[in-house]
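Shown next, in structure tokens, is the structure this report addresses.
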Amino acid sequence: MAQPVQLEIRVRNGAWILQRDGDDVRPYGHADEAVHDAVRLAHDLIHTGQPAEVRLEAAAGKLIEVDLAEPGRVAGADGGEERSAVVPDRSPSA
Numbered sequence: 001m002a003q004p005v006q007l008e009i010r011v012r013n014g015a016w017i018l019q020r021d022g023d024d025v026r027p028y029g030h031a032d033e034a035v036h037d038a039v040r041l042a043h044d045l046i047h048t049g050q051p052a053e054v055r056l057e058a059a060a061g062k063l064i065e066v067d068l069a070e071p072g073r074v075a076g077a078d079g080g081e082e083r084s085a086v087v088p089d090r091s092p093s094a
């Protein structure tokens, strides 16, 4: 079986950077946009028979895996309990 394509979203200089196997793909202003595109790309790859994994940088370089079936949720660090990967902005609109 082929090695999964690694899609990672990392924070750099205030931007969310989507990387594919360590190479920058493009920057995003919001994590939810980056996760959406990474999951879409992962699904496209999976449909062609190429496995793919999506991870999001949480804090201090720690990566958490995004559940491709339910992209708004991620597995806990121990693979157990799930929590929301992307928290919507609930601040009042200006």
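Once you know that position 56 of the sequence shown is 56 in UniProt numbering, the rest is easy, because the numbers rise by one and skip nothing.
Heads up, the beta-carbon is just placed ideally off N, CA and C, and yes, glycines get one too.
- Per DSSP, the unbroken beta strand (DSSP E) holding ASP23 starts and ends at 23-28.
- The DSSP-derived three-state label of ALA58 is coil.
- Using a Cβ distance threshold of 8 angstroms, GLU65 and PRO4 do not count as a contacting pair.
- Annotation: HIS30 to ALA15 spans about 7 angstroms, alpha carbon to alpha carbon.
- For GLU8 against ARG55, the beta-carbon gap comes to about 5 angstroms, under 8 angstroms, which counts as contact.
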